[in-house]
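Notes to accompany the following structure.
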Amino acid sequence: MKADFYLLDVKQVEIDGKSHIEMFGRLKNGEKICILDEYNPYFFAEIDNEKLIDKIKELEVKDNNEVIKILDVEKVKRKVLGIEKELIKIICYKQSDILKIRNEIKHSVVETYEFDIPYTRIYLVDKAIIPLNKIKVELEEIESFYRIKKYKLLNFKPTTELLEKPSVMAIDIETYFDHQDAFNSQKHPILMIAVYSETTKKVLTWRKINNKTAIVFDNEAEMLKEFSKIVKEENPDFIIGYYSDGFDFPYIKERAKINKVNLEIGYNNGEIDTKYEQASIYGVSHIDILKFIRRTMATSLKTNSYKLDEVANELLGEKKVEIDINDLPKAWDNDNVKKLNEFVKYNLQDTKLTYDLFFKIYTNLLEMVNITGLVPGDVNRMGFSQFVEWHIIRKTREQNEIILRKPKHNELEKRMSTRIKGAFVFEPEAGIYDDIIVFDFRSLYPSIITSHNLSLSAFQREPRSDVNVNPEDKNMWFSKNPGFVSGILREIINLRIECKNKLKKDPKNLLLKARVGALKILANSFYGYSIFYGSRWYCLECGETTTSFSRYYIQDVIKKAEKAGFKVIYSDTDSIFLILKGKTQKDAHDFVDKINKKLPEMMELEYEEHYPKGLFVSMKEGKGGAKKRYALCREDGTLKITGFESVRGNTSPIAKEVQEKVLDLILHKKEQKKAFDYVKKTIQDLKDKKIENEKLLIITRISKAIKDYDSIGPHVVVAKKMMKQGIHIGPGSRVEYIIKEGPGIIRDKAVLPEELKQGEYDADYYIEHQVVPAVERILELCGYNKDQLLGKGKQTGLGKFF
């Protein structure tokens, strides 16, 4: 049989004492199948004695009652950090044999390689198979004990045609809870399971509800059985959820166990597997949307929260159904049909939002899969270091390079204790400035790495004539011959430039847009990967030389700018701020052009923008300006704010609002007195209880398990209250609270917003700890101090800052 196949998941299985690959995916018509391929696991060894080959071939390793033998040994040539070597390829019967055989021979050989690569992943690398891309396959049907057909792979040819519209099922559960024991899956049942796909939009429950979307059962067990049936009948390409790794699927698994229900939703008729903080279903691609957004899209989101409501509002322009989830247990106990009907809508809307979010981020997921070559479920749970590593690993086969080993425990400890010198910072003087020009090095670290060939394979242990030298440490040399890792990075940068040019001609192309974004993330992650303690291609010298060159280039531009008559007021890592000081914007452009003519090929200083006015605030002590704490006014009057409360998540809306208004009045409207008067009025409004409670919310994110907090702050106190109300709280959870009026320390006065009537807030707290700190350093630049804001002192005068 010939067919078009799209790979969704991959597993390994042992048949007749040999390791095999199982590829799960769909045909063009949507039918799910399993493809079996025999693939012999292997690793490499470097030897210094040819006689070892025959000895290794005949090697037998006793392991309990089993005798492990080697299938074959081949002589091969591979590059190790660019140097070609003769190695032997030791081919095994089973993946589990590799480490046992390696342990037996490691003291007899020079070195061993590629013994620590996951079997399923190296299969995809070696076969150049990329999931979600069409593969032309030739198959032979074989006996299957799975709930889908199974075929033996006879032949295949990968293509670049993408799976553009997968079938998707979103799931979400609502559970019972009480205030003493929230979300206890052993104690509290699942009340509702929402299922949302192109063909099914239903809520399963076991209370009589007057709603067309609800399917009512006699008990929880019957509901769980129907859930299993729907999953198997729908058989989607992806099953998705929002925090489904940490909540929905673990909860479903436990409740099925308690109710003695065999879900059997894996293609092998297996149950849900929950370990390593992820839920997997055999052969089925499960995507936790929350994890993908948190790990790969966090920097591009404006919201500080990863709550479904906030993320959906920003990305989709839609929100959850507004209802108090705390009312669910009571409505359930009282058979409140009207209220339960609202919760059905709430439950279903959550799955709709999750479903729509998947298609919103699908092009991003596609690109991550294309870059790494891994299955979607792995990419979904992958950090940036692994993102880089698996792209490099795929490239090893193109260049006949060996994959380096993971670091040993003692090497990990050594790397973790190592620190390198950071970027150069030209500290600003506090003040208000006119005519600010900002220059920015385009992709500074990636361009330095490629321009100076900062790659582990290029690092030299002794000086040569054809080397790049660390500008601050003359004992670090890098060959000018293209390095393996730096060469890959150069390809990425050039591809991104090419894609950006195409995107300019086709701005609505979502796939191109996602590709540009993914390549940017990938390129910017190479520096961090080179000094990441767990990296296979770790190179401390590369990292140190990268930051050394960054300091060199920034300081060189500063010197040349000052020599050209510009006044530099600030610089940090890859950007330079200067004031025109009588010069024109054309002079600034000409200066940039002059600099770029002398920079290496891959490096470029860009003219970012002209800001008519800007300010840097002072640090708490001294006259210096705080690093990365400034505000700039663009020519159109909009503000660019960095480091202030208005862009931080732990400040109340009133403080952010006041700060932004003050910055606008000073920088855009040029009304310093009005800014001062505005703050005074806000302070008085707080005292008079005229400010709405909603503007006083303080939002803090929980950074670890509540039980691990030694210091109990207001957010921890409120988090504990939320947990008693049945709300799940863990690392990453957002906590909202208001400080109420009355005696006591701050943490004891922190309450949930719904616990407080309008005006019952602590005005003094919000004045002293929120509003005044947000504007104090800004207004100091205009000659106003804290005492004067509070009606206690006199103006200090403007001469202090000018």
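Under our numbering, the first residue of the sequence shown is numbered -15, with each subsequent residue one higher.
The beta carbon of each residue, even a glycine, is placed where N, CA and C say it ideally should be.
Reference residue i; option with closest CA among the options
i: E158; options: F233, K35, L146 and A112; result: F233
i: F211; options: L175, K196, W521 and G230; result: L175
i: E351; options: L496, Y339 and S228; result: L496
i: I119; options: F8, K78 and K186; result: F8
i: E679; options: V646, K329 and E720; result: Position check: residue 679 holds Lys in this sequence, whereas Glu was assumed. It is E720 whose Cα lies nearest to the Cα of K679.
i: F161; options: G714, R474, K708 and K776; result: K708
i: V701; options: I730, L681, I675 and H4; result: I730
i: I307; options: D272, K63, K329 and I126; result: K329
i: I223; options: I242, V187, A198 and I265; result: I265
i: N459; options: V469, H699, S470 and R445; result: R445
i: Y290; options: E725, K733 and T684; result: T684
i: C76; options: V64, I54 and D540; result: I54
i: D558; options: F408, N452, E413 and K488; result: F408
i: A(-13); options: R10, K2, E204 and K(-5); result: R10
i: Q79; options: E68, E58, K61 and I106; result: I106
i: Y235; options: T258, D221 and P220; result: T258
i: K275; options: E125, L358 and R365; result: R365
i: E238; options: K16, Q170 and Y227; result: Q170
i: S92; options: Q668, S401 and L36; result: L36
i: L43; options: D32, I85 and F27; result: I85
i: M281; options: I67, F368 and R718; result: F368
i: V45; options: N87, T622, V64 and P25; result: N87
i: I538; options: S555, K(-5), E456 and K192; result: S555
i: Y26; options: N33, P102, K39 and K(-5); result: P102
i: D56; options: E70, I74 and V64; result: I74
i: D32; options: D(-7), I72 and N48; result: I72
i: Y260; options: G230, V500 and L670; result: G230
i: G361; options: L503, L312, I271 and S441; result: I271
i: Q568; options: L583, Y595, L589 and I377; result: Here residue 568 is Thr; the residue named in the question, Gln, does not match the sequence. Nearest option by C-alpha distance: Y595.
i: E124; options: A29, V541, S514 and I17; result: I17
DSSP beta-bridge partners of residue i
i: L188; result: I177 and I199
i: K120; result: D(-12) and K141
i: I563; result: I420 and K551
i: R685; result: R718
i: Y251; result: None; Y251 has no bridge partner.
i: Q754; result: Paired residues: none, contrary to the question.
i: N452; result: F462
i: M7; result: V(-6) and I19
i: R62; result: K69
Beta-carbon proximity list for residue i, same chain, < 6 Å, skipping 5 on both sides
i: D858; result: Outside the shown range of the chain (-15 to 786) lies residue 858, about which nothing can therefore be said.
i: D334; result: D156
i: R613; result: V601 and G627
i: K141; result: K120
Any C-beta of chain B under 8 Å from that of residue i
i: A178; result: Of the protein chains in the structure, only one exists, and it is not chain B.
Chain-order list of residues whose beta-carbon lies under 7 Å from that of residue i (same chain, five-residue window excluded)
i: V631; result: At V631, the pLDDT of 48 sits below 50, so the modelled position is not reliable; the number obtained from the coordinates is stated separately. Answer for V631: I625, listed in chain order.
i: K770; result: V756 and E760
i: K90; result: T96
i: F167; result: T159, F161, G710 and H712
i: K303; result: D293, A296 and N297
i: D81; result: I52
i: Y693; result: V700
i: K724; result: K733, V735, L740, E744, Y745 and D746
Cβ-based neighbour list, residue i, same chain, cut-off 8 Å, excluding 5 preceding and 5 following
i: F343; result: V152
i: D0; result: none
i: E182; result: S151 and V152
Can you confirm whether the segment 178 to 186 touches the segment 302 to 322 when touching is taken to mean that 3 or more C-beta pairs between the two stretches lie within less than 8 Å?
no
Are there three or more Cβ pairs, one per stretch, closer than 8 Å when the segment 136 to 150 is compared with the segment 19 to 35?
yes
Entirely enclosed alpha helix (DSSP H) segments - the segment 566 to 629, minimum 4 residues:
569 to 582
For the structure I just gave you, are there three or more beta carbon pairs, one from the segment 653 to 661 and one from the segment 765 to 773, closer than 8 Å?
yes
For the segment 111 to 123 against the segment 388 to 403, are there 3 or more C-beta pairs whose distance is under 8 Å?
no
Indicate whether the contact test is met: 3 or more Cβ pairs, each with one atom in the segment 336 to 350 and one in the segment 249 to 257, closer than 8 Å.
no
Three or more beta-carbon pairs under 8 Å between the segment 283 to 299 and the segment 137 to 152, yes or no?
no
Inter-stretch contact (C-beta, 8 Å, three-pair minimum) for the segment 183 to 199 and the segment 362 to 378:
no
Which runs of the alpha helix (DSSP H), 4 residues or longer, sit entirely within the segment 248 to 324?
273 to 280, 292 to 300 and 312 to 317
Between the segment 412 to 422 and the segment 591 to 603, can you find at least three pairs of beta-carbon atoms closer than 8 Å?
yes
Go through the segment 83 to 117 residue by residue and report every complete run of the alpha helix (DSSP H) that reaches 4 residues or more, in order.
103 to 111
Report yes or no: do the segment 526 to 533 and the segment 428 to 443 share at least 3 C-beta pairs separated by less than 8 Å?
yes
Ordered list of alpha helix (DSSP H) runs contained in the segment 216 to 246, each at least 4 residues:
233 to 242
If you pair each beta-carbon of the segment 397 to 411 with each one of the segment 469 to 489, do three or more pairs fall below 8 Å?
no
Could you name each continuous beta strand (DSSP E) segment of 3 residues or more that falls completely within the segment 379 to 432, going from the start of the chain to the end?
415 to 425
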